[in-house]
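Take a look at the structure below.
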Amino acid sequence: MFDHHMNTLLTFLSGIRWQDIVDIFLNSYILFRLYVLFRGTNVIRVVAGIALLWIFQRIALGMGLIVTSWAMQGIIAGAALIIIIVFRNEIRNVLQAKNLRALLWDFPQKTERTPIDRIVEGVYELARSRIGALIVLPDKDDLDEIVQGGVEWQGRISKEMLLSIFWNGNPVHDGAAIIEGDRVTRVGCILPLSSRDDLPQYYGTRHRAAVGLAEKSDALIIAVSEERGEVVAVKNNAITPITDNLSLLHCLREHLGAPIQNASIAKRDKLELGTAAAFCIICMALIWFSFARGMDTLTSIEVPLEYMNRDTRMQIVSTSVNSVRLYLSGSGTLISSLRSDQVRVKLDLSGAKNGENNFIITNDSIVIPPGVRLNRIEPSSVKLVLEIPATKTMPIQVDWVGTLPEGLILEAAQVTPTQIEVEGPSQVLNQMSALYTQQVSLDNLKSSGQLSVSIALEPASLKIPEPYKNKVKVSYTIAKREKYYQKQ
Amino acid sequence: MIRNRSGLCLGIVLCLVLVFFSISMAQEGIPTDTADGPVLSRAVMCESIEGYEPLFVAVAFSINTGKISCYTSFENIKTTTFTVHRWYRRNELVTTKRLTLKSPRWATYSSIQLREADKGPWRVEVWDADDKLVQTLRFSVTD
Numbered sequence: 001m002f003d004h005h006m007n008t009l010l011t012f013l014s015g016i017r018w019q020d021i022v023d024i025f026l027n028s029y030i031l032f033r034l035y036v037l038f039r040g041t042n043v044i045r046v047v048a049g050i051a052l053l054w055i056f057q058r059i060a061l062g063m064g065l066i067v068t069s070w071a072m073q074g075i076i077a078g079a080a081l082i083i084i085i086v087f088r089n090e091i092r093n094v095l096q097a098k099n100l101r102a103l104l105w106d107f108p109q110k111t112e113r114t115p116i117d118r119i120v121e122g123v124y125e126l127a128r129s130r131i132g133a134l135i136v137l138p139d140k141d142d143l144d145e146i147v148q149g150g151v152e153w154q155g156r157i158s159k160e161m162l163l164s165i166f167w168n169g170n171p172v173h174d175g176a177a178i179i180e181g182d183r184v185t186r187v188g189c190i191l192p193l194s195s196r197d198d199l200p201q202y203y204g205t206r207h208r209a210a211v212g213l214a215e216k217s218d219a220l221i222i223a224v225s226e227e228r229g230e231v232v233a234v235k236n237n238a239i240t241p242i243t244d245n246l247s248l249l250h251c252l253r254e255h256l257g258a259p260i261q262n263a264s265i266a267k268r269d270k271l272e273l274g275t276a277a278a279f280c281i282i283c284m285a286l287i288w289f290s291f292a293r294g295m296d297t298l299t300s301i302e303v304p305l306e307y308m309n310r311d312t313r314m315q316i317v318s319t320s321v322n323s324v325r326l327y328l329s330g331s332g333t334l335i336s337s338l339r340s341d342q343v344r345v346k347l348d349l350s351g352a353k354n355g356e357n358n359f360i361i362t363n364d365s366i367v368i369p370p371g372v373r374l375n376r377i378e379p380s381s382v383k384l385v386l387e388i389p390a391t392k393t394m395p396i397q398v399d400w401v402g403t404l405p406e407g408l409i410l411e412a413a414q415v416t417p418t419q420i421e422v423e424g425p426s427q428v429l430n431q432m433s434a435l436y437t438q439q440v441s442l443d444n445l446k447s448s449g450q451l452s453v454s455i456a457l458e459p460a461s462l463k464i465p466e467p468y469k470n471k472v473k474v475s476y477t478i479a480k481r482e483k484y485y486q487k488q
Numbered sequence: 489m490i491r492n493r494s495g496l497c498l499g500i501v502l503c504l505v506l507v508f509f510s511i512s513m514a515q516e517g518i519p520t521d522t523a524d525g526p527v528l529s530r531a532v533m534c535e536s537i538e539g540y541e542p543l544f545v546a547v548a549f550s551i552n553t554g555k556i557s558c559y560t561s562f563e564n565i566k567t568t569t570f571t572v573h574r575w576y577r578r579n580e581l582v583t584t585k586r587l588t589l590k591s592p593r594w595a596t597y598s599s600i601q602l603r604e605a606d607k608g609p610w611r612v613e614v615w616d617a618d619d620k621l622v623q624t625l626r627f628s629v630t631d
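Line by line, the protein sequences are chains A and B.
Using the numbering used here, the first residue of the first sequence is number 1, and each one after it goes up by one.
Using the numbering used here, the first residue of the second sequence is number 489, and each one after it goes up by one.
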């Protein structure tokens with residue numbers, strides 16, 4: 001029993017191609033990159049939720065819970081659309097990466113260009129001096145659509161400048177200042193107010209604005225109370241009271257991605273990425289297995305032969321078969337989704353000679369989708385007769401049908417031209433002695449006359465000169481039967 | 489002397505006549521493909537033959553006719569020989585008829601009985617005793 005399983009495993013492993021390994025790792029890396037790029041955003045959480053829903057949907061389907069499965073399918077379809085709409089900013093930020101490197105193999109590292117110490121000093125002085133302040137440090141989200149008004153500033157950060165911006169006499173002191181990199185880029189900005197009703201009563205408009213922006217973006221907002229000199233840091237839904245400079249320093253460093261000094265945090269980060277990478281590989285291996293190897297299914301398909309690289313002078317006169325039957329195997333998913341246009345059999349006629357040819361259908365002649373294996377071809381060879389066309393001059397004969405009216409007789413018929421040169425495969429021409437016209441009905445002929453009729457070209461590979469392609473002339477003589485009685 | 493000389497001349501003339509006669513007799517045995525062999529004077533398709541003459545000559549015959557004939561007449565027949573009528577439906581040889589020809593002129597014919605499956609274009613090839621195609625007659629069997 002154990003040996004049997006070992007043999008199955010060895011057979012399976014020996015069947016894995018290098019392309020399969022590349023396939024798994026390439027897709028694992030793509031999945032891993034998506035995780036890295038969207039890490040820390042809500043997108044990952046929602047995608048994980050959708051994946052969970054999908055698993056439940058499959059389970060529901062497996063258990064025969066039709067309505068549940070149908071509802072979940074609907075939710076998943078809707079959720080996929082909602083992700084694009086709701087997280088358009090996150091998606092845009094990822095796709096608008098400044099260079100290809102950032103998209104393909106960089107780990108997002110926020111550089112500590114922002115002088116954290118100066119901000120900490122400035123905020124400390126503002127609080128000590130009881131000067132109300134609202135400082136915004138954006139993260140990935142674009143704030144242009146959320147923040148309104150404001151004055152372009154572009155001043156290098158310093159303790160003194162922060163104090164002067166929020167000094168009571170300054171016309172822009174009531175708004176928020178936005179810090180990007182080492183500069184205060186805008187001041188006097190109006191932030192959206194939060195409509196939360198669980199905020200402390202003593203929170204004024206400044207705090208509501210801080211919470212309001214945090215609700216709509218991933219920015220860190222530092223609010224300094226004018227009345228009490230208290231400092232709070234707001235990010236997402238968390239309002240963190242800042243009691244000393246050290247906690248503000250940590251808060252800023254965490255937001256701005258400053259080098260993490262704590263070894264355990266660094267280790268945790270590496271562990272998280274390692275786990276994600278392993279998860280991506282396992283996930284992809286399972287998907288690949290279900291697509292490419294799982295539940296080996298056999299099928300057979302009739303495929304018409306296609307001829308390539310034929311010498312244009314040569315014509316195919318006859319073939320032993322027009323199609324071949326291919327016996328294919330692969331996973332049930334692949335086999336059931338197999339379309340007839342994905343499987344092709346192409347015969348290379350570049351080496352064909354005049355006369356009978358025998359072609360062996362090899363694997364190189366067959367095009368099948370990746371993951372599908374070819375087991376057998378029936379028949380495995382094709383006999384093909386190719387010929388360079390010959391010419392032959394042949395008489396033309398009228399193919400009369402129907403019946404002449406009573407008492408009449410078709411005495412003679414003359415075709416003009418009487419004979420023409422025909423081009424076609426020599427084997428076919430050798431068996432022919434005449435060309436026949438299309439059928440000409442006698443039913444309505446009452447007296448001698450002329451007709452224009454087409455030549456019936458059988459087989460269609462025959463060619464006749466251009467002037468006679470459409471019509472030849474037929475002169476016919478109709479006589480009365482009674483003339484014979486008179487003679488008698 | 490004069491009588492002897494005239495008798496010699498008569499003998500030579502007689503010999504020459506004999507030689508010429510024997511040569512001309514030998515030439516009759518030459519096959520008909522020589523220029524003075526049998527000559528086809530008439531070849532037609534007809535519905536029937538009456539009084540050694542073709543009746544209702546045509547190139548299209550209704551299947552209801554029942555029987556059709558190929559009439560051929562030859563002239564300049566030096567000795568008894570034969571002709572062959574080969575009947576074809578499209579490219580398929582249906583029947584071959586060998587017909588005797590007698591000196592000096594001879595008319596002969598071959599016939600076939602028509603069946604439902606015989607509809608379509610036909611031809612009759614007239615061949616001589618030396619297997620040389622003399623003429624082809626083309627016609628149709630219709631409804």
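From the three backbone atoms N, C-alpha and C, an ideal C-beta is built for every residue, glycine too.
As the structure is a prediction and not an experimental result, all values here were calculated from the model.
Contact annotation, ASP296 (chain A) with SER336 (chain A): C-beta distance approximately 13 Å; criterion of less than 8 Å not satisfied. With a contact defined as Cβ atoms closer than 8 Å, VAL547 (chain B) and ALA413 (chain A) qualify at about 5 Å. Residue pairing of ASN27 (chain A) in beta bridges, as defined by DSSP: absent, with no partner found.
PHE570 (chain B) has its alpha-carbon roughly 28 Å from the corresponding atom of ASN430 (chain A). Excluding the 5 residues flanking it on each side, VAL545 (chain B) has same chain C-beta neighbours closer than 6 Å at VAL532 and CYS534, in chain order. At a cut-off of 8 Å between C-beta atoms, ALA412 (chain A) counts as an interface residue with respect to chain B.
Sorting A:ASN27, A:MET6 and A:ARG17 by C-alpha distance to the C-alpha of CYS283 (chain A) places A:ASN27 at the top. Straight-line measurement puts the Cα of THR416 (chain A) at about 16 Å from the Cα of PHE627 (chain B). Chain order gives the chain B residues near SER433 (chain A) as TYR576, ASN579 and ARG611, where near means a beta carbon separation below 8 Å. One finds PHE544 and ALA546 in chain B with Cβ atoms closer than 7 Å to the Cβ of ILE409 (chain A), taken in chain order. The beta-carbon of LEU429 (chain A) is placed no less than 8 Å from the nearest beta-carbon of chain B. Under the Cβ criterion (8 Å, minimum of three pairs), the stretch 197 to 214 of chain A does not count as touching the stretch 161 to 168 of chain A. DSSP places GLU90 (chain A) within a helical segment (H, G or I) once states are collapsed to three. Straight through space, the alpha carbons of LEU589 (chain B) and ASN564 (chain B) are spaced by roughly 10 Å.
Secondary structure of LEU451 (chain A) (DSSP, three-state): strand. Distance check between ASP182 (chain A) and each of A:GLY155, A:VAL147, A:LYS446 and A:LYS480 places A:GLY155 closest, using alpha-carbon atoms only. Taking the C-beta atoms as reference points, PRO379 (chain A) is found nearer than 8 Å to VAL321 (chain A). For MET63 (chain A), no beta strand (DSSP E) encloses it; the enclosing alpha helix (DSSP H) starts and ends at 42 to 63. By DSSP's assignment, CYS189 (chain A) forms a beta bridge with A:GLY149 and A:ALA176.
In the DSSP assignment, the residues bridged to ALA412 (chain A) are A:THR477. Interface annotation for the stretch 555 to 568 of chain B against chain A: empty, criterion Cβ-Cβ distance under 7 Å. Distance from GLU180 (chain A) to PRO115 (chain A) at the Cβ level is roughly 12 Å; contact not present, criterion being Cβ atoms closer than 8 Å. At a Cβ-Cβ threshold of 8 Å, LEU328 (chain A) and THR299 (chain A) count as neighbours. Residue state for ASP364 (chain A) is assigned as helix, using DSSP reduced to three classes. In the structure shown, the three-state DSSP call for TRP610 (chain B) is strand. DSSP, reduced to helix, strand and coil, places THR583 (chain B) within a strand of the structure shown.
Taking TYR476 (chain A) as reference, the option from A:PRO425, A:LYS483 and A:TRP400 with the minimal CA-CA separation is A:TRP400.
About 6 Å separates the beta carbons of VAL422 (chain A) and LYS392 (chain A), which is inside the 8 Å limit, making them a contact pair. At a cut-off of 8 Å between beta-carbon atoms, ARG603 (chain B) makes no contact with chain A. C-alpha of LEU100 (chain A) to C-alpha of ASP106 (chain A): approximately 9 Å in a straight line.
In the DSSP assignment, THR630 (chain B) falls within the unbroken beta strand (DSSP E) covering 621 to 630.
Residue A:ASN236 holds the alpha-carbon nearest to the alpha-carbon of VAL211 (chain A) among A:TYR202, A:ILE190 and A:ASN236. In this structure VAL224 (chain A) is buried. Its beta-carbon is surrounded by 16 or more other beta-carbon atoms within 10 angstroms. Cβ proximity to chain B below 8 Å picks out PRO395, GLN397, VAL398, ASP399, TRP400, VAL401, GLY402, THR403 and LEU404 from the stretch 377 to 404 of chain A.
The three-state reading of DSSP puts LEU429 (chain A) in helix, counting H, G and I together. Our two residues, PHE289 (chain A) and LYS216 (chain A), have alpha carbons roughly 42 Å apart in a direct line.
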